[in-house]
Structures are given as structure tokens and as C-alpha cells.
Amino acid sequence: RWSPGPDVTLSAGGRWGRNGYLKENYGEPWAAGEWRFLENTTFSSAWGRYHQFPEGHQTTKNFGNPDLTALRAEHVVAGLQQKMTDGWSVNLELYRKRLWNLPVEDPVLNFVNGARGLARGVEFLVKKERTARWAGWFAVSQSHSTRLNERTGQKVNFSQDQPWVLNLVATRRVDQFYSVGLRAQYHSGAPDTPITGTFIDGTGRVRPVYG
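-6 is the number of the first residue of the sequence shown in the working numbering; add one for each residue after it.
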């Protein structure tokens, strides 16, 4: 962590790991920075690369493929924060997440690393720190997440994509021992593809027919 000036802070780091099951070595570097260019206004940004183990059944012998490699992801975030009086603050963040080495089904090997993904969005947050009895925050985010099968060229919305998410959290302190709270959430999505039937493929496996 390094501060070249009173209003600028830079930080960087990394992690090295080995996965014995997948027989993989990997590094995960990251970097971040903050710049307070006005008394109560701060710009921040961050970048990093990360890895994730595939789902358990995807690497199991016979049912999956033990030769799969870890999923890769690259995250980029940029934000702007404005502090106000009485504990209020406003924050705006934009992010982009790129994924690759995602597993897809294969008729011979069950699963192979053959897909890419992209998620990007923006979040607006209004927050109230506890300066008296009330505290809480409200956030609204808009995002979109897709997956691309590199073997077939098919691009679809991610099965858990939630384009709009709204969160509201509020607490009120009754006395020194008790407080009451409220939490509410709304989200759109997630897209669903119904299964309309089944068939048996050439290997004898039962496969779904999608709508």
C-alpha cells in the first residue's frame, strides 16, 4: 500500500495457489487505487484476476471430467463516492467481469472447458450512517450477464441473470438495548428455459429436450 500524496492511495497484491485435484498452479494479481480530488468526493478503481473450482459433479470420474481446469475471471470496477452531512453518502459504481474456461457438456467427455462469459453493470447506492436513531441504505443495480458456447457459437443470457435488483435496509434504535429493522428486495429475471421432453442419445444417456 502506497500513498504518493495526501489524497491518493494505491495498493496492489497477489495470491499464488496450487490445486492438487486439478493439478494446477495459478496466480491471482490485483491492484486498486483511490483519489480524493475534492474534500468529500473520491474516485476509486480496482482490477483483479481470479480462479474458481468447477462444480463438484463436473470433475467427478464417470459423471464428469477430472481433467477440467479451473474457471478464470477478470474483474474491473470503477466508482465515485460523495460524502454529505449527517452521515449521508452517495456511491456510483460500474463493473465489468470477463470469464473464460467455463465448462460445457460434451457427449464423449461429459464436460469440457469450452465457454466464455461476460457480466457488466452499474450500481447506485445511498447510505445513511448511524448518527442518531436511524441508519440504512438503498441500492439499485442494472446488469447483464451472458454466456458464449465456443464450440457451437451459441450465445445466451446467463441462467441466473437478474437485470434489475433493488435493495432497501433500514434500522431504528429503540433504546440502548433494542432496535428494529426492515429489509426488502426486488429483482427481475432469472430467465428460464422449460424442459419439454427427453430422449436417449447414442451412448444410452437420457437427455433433455428444451423449449
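No residue lacks a Cβ here, since even glycine has one placed at the ideal position from N, Cα and C.
Checklist entry - Is the stretch 58 to 66 close to the stretch 81 to 89, with three or more CB pairs under 8 angstroms? => result Touching, no, given that fewer than three Cβ pairs across the two stretches are closer than 8 angstroms.
Checklist entry - Can you check whether the CB of Val162 is closer than 8 angstroms to the CB of Ser134? => result On the sequence shown, position 141 is the one that residue 134 refers to. On the sequence shown, position 169 is the one that residue 162 refers to. No, Cβ-Cβ distance for Ser134 and Val162 is not below 8 angstroms.
Item to check | Run of the beta strand (DSSP E) containing Thr191, from where it starts to where it stops | outcome: Indexing the sequence shown from 1 puts residue 191 at position 198. Per DSSP, Thr191 belongs to the beta strand (DSSP E) from Ile188 to Ile193.
Item to check | Identity of the residues DSSP links to Gly41 by a beta bridge | outcome: On the sequence shown, residue 41 is found 48 positions in, with the first residue counted as 1. Partner(s): Trp23 and His68.
Checklist entry - Span of the beta strand (DSSP E) holding Thr2? => result Locating residue 2 in the sequence shown gives position 9, where the first residue counts as 1. First-last of the beta strand (DSSP E) with Thr2: Val1 to Asn12.
Checklist entry - Which first and last residues belong to the beta strand (DSSP E) in which Gln51 is found? => result Position 58 of the sequence shown holds residue 51. Unbroken run through Gln51 is the alpha helix (DSSP H), Gly49 to Thr52; no beta strand (DSSP E).
Checklist entry - Hey, would you say Ala21 sits closer than 8 angstroms to Gly41, going by beta carbons? => result To locate residue 21, count along the sequence shown from 1; it is residue 28. To locate residue 41, count along the sequence shown from 1; it is residue 48. According to the sequence provided, residue 21 is Glu. The question's Ala does not apply to it. The answer is yes: Cβ separation under 8 angstroms.
Checklist entry - In chain order, which continuous runs of the beta strand (DSSP E) of length 3 or greater are located wholly inside the stretch 154 to 188? => result Runs of the beta strand (DSSP E) inside the stretch 154 to 188: 157 to 166 and 172 to 180.
Item to check | 8 angstroms contact criterion, which Thr186 and Gly129 should meet: CB distance rounded | outcome: Within the sequence shown, residue 186 is the residue found at index 193, counting from 1. Within the sequence shown, residue 129 is the residue found at index 136, counting from 1. Approximately 37 angstroms separates the beta-carbon atoms of Thr186 and Gly129; this is outside 8 angstroms, ruling out the contact.
Item to check | Distance between beta carbons of His50 and Arg65, contact taken as under 8 angstroms | outcome: If you number the sequence shown from 1, residue 65 lands on position 72. If you number the sequence shown from 1, residue 50 lands on position 57. The pair is not a contact, with the Cβ atoms about 20 angstroms apart (cut-off 8 angstroms).
Next on the checklist: Just to confirm before moving on: does the CB-CB distance between Lys76 and Asn33 stay below 8 angstroms?
Outcome noted: Here the question's residue 76 lines up with position 83 in the sequence shown. Here the question's residue 33 lines up with position 40 in the sequence shown. Yes, the Cβ-Cβ distance between Lys76 and Asn33 is below 8 angstroms.
Item to check | Proximity to Glu116 [Cα-Cα], best of Ser138, Val97 and Gly72 | outcome: Looking up residue 116 in the sequence shown gives position 123. For Glu116, the nearest C-alpha among the options comes from Gly72.
Next on the checklist: The beta strand (DSSP E) that contains Pro201, what's its start and end?
Outcome noted: Position 208 of the sequence shown, counted from the first residue, corresponds to residue 201. Segment Val199 to Tyr203, the beta strand (DSSP E) holding Pro201.
Checklist entry - What distance in whole Å lies between the Cβ atoms of Asp0 and Trp28, which are believed to be in contact at a cut-off of 8 angstroms? => result Within the sequence shown, numbered from 1, the residue matching residue 28 stands at position 35. Within the sequence shown, numbered from 1, the residue matching residue 0 stands at position 7. Yes, Trp28 and Asp0 are in contact; Cβ-Cβ is about 6 angstroms, under 8 angstroms.
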